[in-house]
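Residue numbers (this note's numbering): 274 to 680.
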């Protein structure tokens with residue numbers, strides 16, 4: 274089995290440890306965010322918070338995530354300390370989740386949620402830059418393992434949080450939920466930090482602030498980099514729109530029970546678990562463009578098809594295909610971006626990519642809500658399919674150049 278994985282991925286199984294370890298770390302950041310969402314109903318009930326207060330906490334999470342994303346790329350590229358920032362992101366998030374148990378008011382909670390949101394996007398620039406440099410010839414596969422970790426965290430966290438809440442208070446569940454993340458941070462520090470320090474000592478890592486500004490100026494003027502960010506943003510609009518409106522559509526329009534709703538959402542995430550490594554490894558062989566185009570096209574069709582389905586089994590099958598195609602594209606886009614920019618600016622390029630995604634995704638809930646109120650929930654899915662069509666069109670317009678253009 275290990276030999277088969279090595280042959281398909283192009284990376285010997287003994288060399289895949291760092292990729293999987295960083296992938297588990299990525300899963301840890303998603304685990305923490307999922308715990309926050311799942312604990313929120315119990316927190317609002319016990320502390321007497323209103324729905325407005327709960328909504329404010331979610332807004333704080335997204336805003337802090339966005340602002341942390343803007344600065345993290347700069348810190349990573351200037352210092353060159355990629356593993357240190359990965360460990361810091363995990364410890365900050367785990368510490369904030371652990372501290373939920375002693376929070377007694379909205380202000381303290383908002384501060385802790387700010388730390389969780391910041392840690393969530395502090396992770397991406399150092400992790401993606403690290404894997405991109407560690408596996409330069411198998412970037413797609415390495416970043417697909419990174420995405421696999423995210424899907425794994427999103428899949429396991431609801432099961433773990435639900436089980437803990439059945440026997441513990443939300444404070445106890447939060448404290449217990451932080452333990453696996455601290456353990457992963459410890460493993461990354463012990464197993465990766467020493468080698469990363471040795472690499473920094475023998476190679477030129479980091480840069481002066483003036484060098485950083487000159488390099489950043491080049492990438493923000495690069496048409497292909499900006500087009501790729503815009504395409505990723507439209508794709509992210511569809512992904513986040515599905516997470517918001519698919520459960521509402523299943524319950525309110527198809528009158529699906531809670532069990533089938535849970536099965537459908539899990540099927541979408543499981544599709545991503547299967548797809549990410551396959552798509553990443555395949556993109557290393559045939560290029561990023563054909564894999565991205567195929568995934569976006571299938572996603573567009575699957576989103577539109579959801580509105581035509583009335584059978585629960587057929588719905589789960591369609592959502593599985595949707596998740597397979599939707600999440601297959603994510604690591605390939607990240608790999609494509611790393612192919613385009615110098616290694617010294619990979620952290621900032623990641624920040625630019627995720628910042629664009631966050632800005633465009635923020636528009637989906639209010640616009641989708643207005644459309645749903647006026648025309649029904651089915652119309653929202655045509656909007657989401659439309660955003661995927663725009664993403665397809667942007668990929669079609671991208672120049673046929675995928676190689677790294679200098680270090």
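For every residue, glycine included, the Cβ atom is placed at its ideal position computed from N, Cα and C.
Under the three-state DSSP convention, the category residue i falls into
i: residue 492; result: helix
i: residue 660; result: helix
i: residue 414; result: helix
i: residue 636; result: coil
i: residue 377; result: coil
i: residue 228; result: Nothing about residue 228 can be reported from this structure: the residues present for the chain run from 274 to 680 only.
i: residue 438; result: helix
i: residue 599; result: helix
i: residue 666; result: helix
i: residue 556; result: helix
i: residue 406; result: helix
Cα-Cα separation between residue i and residue j, rounded to whole angstroms
i: residue 474; j: residue 540; result: Any reading at residue 474 must be qualified, since the residue scores a pLDDT of 49, below 50, and its modelled position is unreliable; the value itself is stated next. Approximately 45 Å, taken between the alpha carbons.
i: residue 443; j: residue 313; result: 9 Å
i: residue 616; j: residue 547; result: 29 Å
i: residue 329; j: residue 310; result: 13 Å
i: residue 575; j: residue 661; result: 11 Å
i: residue 509; j: residue 587; result: 25 Å
i: residue 611; j: residue 417; result: 13 Å
i: residue 298; j: residue 600; result: 18 Å
i: residue 291; j: residue 464; result: 8 Å
i: residue 637; j: residue 383; result: 24 Å
i: residue 376; j: residue 544; result: 37 Å
i: residue 672; j: residue 497; result: 7 Å
i: residue 340; j: residue 370; result: 20 Å
i: residue 549; j: residue 426; result: 14 Å
i: residue 462; j: residue 295; result: 11 Å
i: residue 336; j: residue 512; result: 19 Å
i: residue 435; j: residue 596; result: 23 Å
i: residue 534; j: residue 524; result: 7 Å
i: residue 561; j: residue 409; result: 14 Å
i: residue 670; j: residue 485; result: 29 Å
Beta-carbon proximity check, residue i vs residue j, cutoff 8 Å
i: residue 390; j: residue 557; result: no
i: residue 565; j: residue 606; result: yes
i: residue 620; j: residue 402; result: yes
i: residue 650; j: residue 518; result: yes
i: residue 458; j: residue 363; result: yes
i: residue 664; j: residue 569; result: yes
i: residue 589; j: residue 653; result: no
message: Can you confirm whether the segment 344-361 touches the segment 443-455 when touching is taken to mean that 3 or more C-beta pairs between the two stretches lie within less than 8 Å?
response: No contact exists between the segment 443-455 and the segment 344-361.
message: Taking contact to mean 3 or more Cβ pairs, one atom from each stretch, closer than 8 Å, check whether the segment 497-515 and the segment 621-632 are in contact.
response: Three or more beta-carbon pairs separated by less than 8 Å link the segment 497-515 to the segment 621-632, which places the two stretches in contact.
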